[in-house]
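Under mature numbering (1 follows the signal peptide of the UniProt record, and there is no 0), read the sequence shown as residues -20 to -1, 1 to 748, first letter to last. Every residue, glycine too, gets a C-beta built ideally from N, C-alpha and C. Owing to the predicted nature of the structure, the values given are computational and were not obtained by experimental measurement. Working notes, beginning with the structure itself.
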Amino acid sequence: MVRVFATICTFAIALTSAVAHNPSYLYKFDGATAAGVDGSIQVKYAGEDSSTATITANLDFSGVDQAKIAEFDGNCTTEVTSWKWHIHTKWSSTLTSDSFKQCSKAATDNHYDPLKACGSASEYISEPECKAKSLTYACNPTNYMANPLVCEKGDLSGKLGALNLGQGSTVSVEWTDEHYPLPSETTATWSIVLHAVCGDQTPRIACAVGQKAIEKHEDDYHHNLRRAFSTSDQALDVVYRKLLELDDSDAFQVTEAQSTAVNMATLGYSVFLHLPTGAGKSLAFQAPALLTAADQTTLVVSPLIALMHDQVAALKRKGVNAIQVSGGERNKSVPLTQLLSGQRLVYTTPEFLQMNAEMRKWVHAAGKEAKLARIVLDEAHCVLEWGNTFRPSYLQLSQWKSEFFSEVPITLATASVSDEDIARLAELFHLHLLTSVLGDGGGTDKSNRHGQMVLVQQVTDRKNLRMEVVRKTSQAAPWIANRVGKEPTIVYCMTRKEAEDACLALVRAGCHAGVYHGGLPRKRREFVRKQWMMGQLTVICATSAFGMGIDRSDVRFVVHHSIPLSLSAYSQQIGRSGRDGKPSVCVLLYSEADKGRADALTTEGRDFDGTGSGAISNGSSQGELEEVSAFCEMITGCRKELLYSHFGFRFDTSHCVKNCNCGVPLEAARDFWQEEEIATEHKSNVTKPDEEDGIPRSTIEYQYHKILAESRRLKLPKREALSRRLVRVSIIFFDILETEPASEEEMASMRGIGLAKASRYFRLFRFD
């Protein structure tokens, strides 16, 4: 189920019908100067503003003469076994140019040596091109002396292609690379450069220069249209495969929500990404980051070190330039600006972003130079939940962005947020919530797309998750231990002390359990997290921060040891189970004592954790706690329907697969799931009906959130505070108007009325 606050049909058609212009360059080798190499290499770009290129090489080495190689280079004394190639950019490369002469003199080991080409040892040091490069180019002498590897993608830019001769003398190969120079950087004299690999000798330049053929543009109208409104399918395919770690032959499919979020971001809109845990939020903001210009960076602000660490490690494994900077973990002997140079994604915390002088300097410089492509606020709900208490830097992010980066688009990503909070965040970051996006931008000011926010929401009925609410007893630990066995389990607790006590009790009950909360030293937390990720611990007892961004798909149980503080938090936390699609169980242990404790703690607004897992302090925690209580205390009806209604969605109960205690009283849950008996002394009947005046709570919740959302959309004046009681009364009122009861008795039989109300109010509804 996907809801997008945009009319995307027209936009989708525009994308489908538009084929982006793909610049293509064909290099043919001159046999007289190519040391016997014949054939061609084609470089085809994903788009005019893309550095992603598909390279097709069809080369014939049958004419290679070893004597010519030795004569040309003077270093190949054994047979050529393979070739390597890359591209010259910006330097003129005609056969008589100084650059071509430099090509034959600038080889040192496997690196391009500017000390010979344009350095102090070069006979061309006085040439204007050398003077310019020595100062401004990445592969200048100073950088080369610091790190010779910097020059492997210096003037000889692009992928170093390995062309192995194998059994024959011809090579036909195709691959894709994301880091070619942009087409706009090319000149009419671009050239391919080949290296001959001579046995055990280091590769030496053989300098085979090719000619470039440029495909003509289509007519300007269609060409500009394609540039403005489409992201090349080929470029997207390359990026998706890279992030999903798939081969060219592997089939894959992104969700409608992911695709919409990526397309809207590439068009320059701000995006609110509300996807359930495990639905691929990271892909939805990482893909646009890789589709920006090669010199642009996407800044990701994230709440937890562990969350950033996992995402950055995964990106590096996939070959993406990404870095995490948050303070103590980095080598301070290396300037921060040097560490951040060339990174496509930079992850940091709100505190480090605003308090570290080096970080502030770098991000402000990136903004001024138009190199800051987008700001991503991961786990965006933390702004409201933590910003007013122990992490004020979160709340300050909105003012910081407004003051310094008002024209940079932002992506707000979260799995747990209500419609009310979406509206509050949009207002906080000065974003206009779009109600339609047409193929041409919906008539919105294209120069202000960064100020227009497209809301992408998805609520998925994960049928592999079984939701249970069970009466909590003094024997909770043995019950949990018996239930989860040796399956990977997260036990969520309200406070640090509760997490420690629960862990100790579970260890005594025979579980391999560990504890994780913000009061532990960072190294201890990281050690426990790694133990659990590697399977050395079966159960992790944690406060609510644990699990954000944790990439483990085989969690079989999520147990709430005490009542969660909101349905949003509950939905996010149970979403961490069963990401592999296999059956998993989400158990909420409920007691009124825990509810009273949570009520007191949220009223005080205390920080339960210190990592951001404390009380919800957004001003509505009491009401949210009541919603969770109603969810737990349902006697009949569908819990999924109530949960979905919290987010403003209607759930078709006919599709419920009865894996949510559906229709089962709290006390009877043990029988429904054929579990062991719970001690009889704890069976006091304290459940409350799931109806008020005969109206299902889920109906009231759904209508309540629907009215709020519609009021915000229409920008209606707030004349009276909306309450669930008012919604309930309105439902009864409209039932009476629709039914038109003919007598007091008939009116009394209607839901929510009764004899007393019928006797008092029937005369007001006389329909004769």
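Straight-line gap, residue i to residue j (C-alpha atoms, nearest Å)
i, j, result
"P128", "E338", "For P128, the predicted structure reports a pLDDT of 46, less than 50, and the residue's modelled location is therefore unreliable. The matter cannot be settled from this model."
"M730", "S634", "24 Å"
"A395", "V17", "56 Å"
"R354", "F384", "13 Å"
"M244", "R509", "35 Å"
"G299", "L486", "41 Å"
"Q234", "R442", "A small fix is needed here, since residue 234 is Val in this sequence, not Gln. If I take the Cα positions, the gap works out to 17 Å."
"I303", "L325", "7 Å"
"A241", "G248", "11 Å"
"I543", "A350", "47 Å"
"A274", "L352", "11 Å"
"V397", "G732", "31 Å"
"residue 752", "L223", "In the structure displayed, the chain extends from -20 to 748; residue 752 sits before or after that span and is not available."
"Q266", "N639", "34 Å"
"F252", "R429", "13 Å"
"G617", "T328", "44 Å"
"residue 753", "L287", "Given a span of -20 to 748 for the chain in the structure shown, any question on residue 753 remains unanswerable."
"R371", "S382", "19 Å"
"W155", "D40", "18 Å"
"C483", "H492", "9 Å"
"K737", "E621", "29 Å"
"V637", "T475", "34 Å"
"L735", "A722", "14 Å"
"W366", "A728", "48 Å"
"V60", "T150", "13 Å"
"I520", "L375", "30 Å"
"E478", "F526", "15 Å"
"Q379", "H410", "10 Å"
Whole-number beta carbon distance between residue j and residue i, since they are thought to touch under 8 Å
i, j, result
"L405", "L377", "Their Cβ separation, rounded to whole angstroms, is 11 Å, which puts L405 and L377 out of contact at 8 Å."
"A489", "A461", "4 Å"
"H412", "Q437", "Not quite, the Cβ-Cβ distance comes to about 17 Å (not below 8 Å), so this is no contact."
"L517", "H540", "No, L517 and H540 are not in contact; Cβ-Cβ is about 19 Å, not under 8 Å."
"W512", "G494", "6 Å"
"S546", "E604", "4 Å"
"L255", "A231", "The Cβ separation is near 22 Å, so there is no contact."
"V450", "F627", "Not quite, the Cβ-Cβ distance comes to about 24 Å (not below 8 Å), so this is no contact."
"S373", "E331", "5 Å"
Contacting residues, own chain, Cβ-Cβ under 7 Å from residue i (five flanking each side not counted)
i, result
"S262", "Q291"
"L316", "V305, E338, M339, W342"
"H289", "Q304"
C-beta contact flag for residue i and residue j at 8 Å
i, j, result
"residue 772", "R619", "What the structure shows of the chain is the stretch from -20 to 748, and residue 772 is not part of that stretch, so it cannot be assessed."
"W342", "L357", "no"
"N301", "S152", "no"
"H390", "L435", "One point to set straight first is that residue 390 is Ile, not His, in the sequence displayed. No, the pair does not count as a contact, with Cβ atoms beyond the cut-off."
"S533", "D574", "no"
"L414", "C566", "no"
"E359", "P283", "yes"
"S557", "V535", "yes"
"G347", "V280", "no"
"T582", "F537", "no"
"G555", "T257", "yes"
"Y496", "R502", "no"
DSSP beta-bridge partners of residue i
i, result
"R446", "V565"
"M433", "S250, L413"
"E154", "T36"
"H540", "Y472, L568"
"L392", "F252, L357"
"I303", "V326"
"A522", "Y472, Y496"
"V242", "V242 pairs with nothing; no bridge assigned."
"T277", "L352"
"R451", "Y570"
Spatial neighbours of residue i in its chain, beta-carbon cut-off 6 Å, leaving aside the 5 residues before and after
i, result
"T32", "A26, E158, A215, V218"
"P268", "V242, A245, T246"
"D227", "none"
"V23", "Y5, A33, I35"
"Q602", "none"
"F742", "E724, M727"
"C612", "V449, Y570"
"V464", "F537"
Neighbourhood of residue i by C-beta distance below 8 Å, restricted to the same chain and skipping five residues each side
i, result
"Q323", "T277, N301, A302, I303"
"residue 749", "In the structure as shown, the chain starts at -20 and stops at 748, and residue 749 therefore has no counterpart that could be examined."
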